[in-house]
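**Q** Residue numbers (the numbering used here): 1 to 101.
Glycine is no exception: its CB is placed at the ideal position from the N, C-alpha and C atoms.
Computed from a predicted model, the values in this text were never measured in an experiment.
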């Protein structure tokens with residue numbers, strides 16, 4: 001679709017008509033461009049160097065209590081799965097268990 005409606009007419013010099021089409025598409029809403037492995041061959045994205053910054057913060061007393069209750073609930077549920085032999089059947093990571101009742 002993109003090749004037929006946008007790319008080929010643009011390559012033939014029909015810039016104004018392609019511009020109108022692209023503008024209409026973009027005004028219509030979000031646009032997602034997808035690539036295949038074939039079209040990305042030789043294309044390299046240059047990213048800036050990874051920057052890791054660790055900032056240690058202290059929980060307030062309420063936050064610490066809430067955190068500890070989540071850890072205890074998750075551990076109890078996890079231990080229950082281990083004891084019943086159903087841990088392997090669970091598809092979510094154990095640390096997410098506290099999100100679901």
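Helix, strand or coil for residue 1, going by three-state DSSP, please let me know.
**A** Under the three-state reduction of DSSP output, residue 1 falls in the coil class, being neither helix nor strand.
**Q** Measure how close the beta-carbons of residue 22 and residue 9 come, nearest whole angstrom, since I'm counting them as under 8 Å.
**A** Taking the Cβ atoms as the reference, residue 22 lies roughly 11 Å from residue 9, outside the contact range of under 8 Å.
**Q** If contacts are defined as beta-carbon pairs under 8 Å, then residue 67 and residue 78 qualify, I think. What distance do you get, rounded to the angstrom?
**A** About 16 Å; that fails the 8 Å criterion.
**Q** Hey, how far is the Cα of residue 72 from the Cα of residue 65?
**A** 11 Å
**Q** Once the 5 residues before and after residue 6 are set aside, which same chain residues still bring their CB inside 6 Å of it?
**A** Result list for residue 6: 18, in chain order.
**Q** Can the beta-carbon of residue 25 be found closer than 8 Å to that of residue 31?
**A** yes
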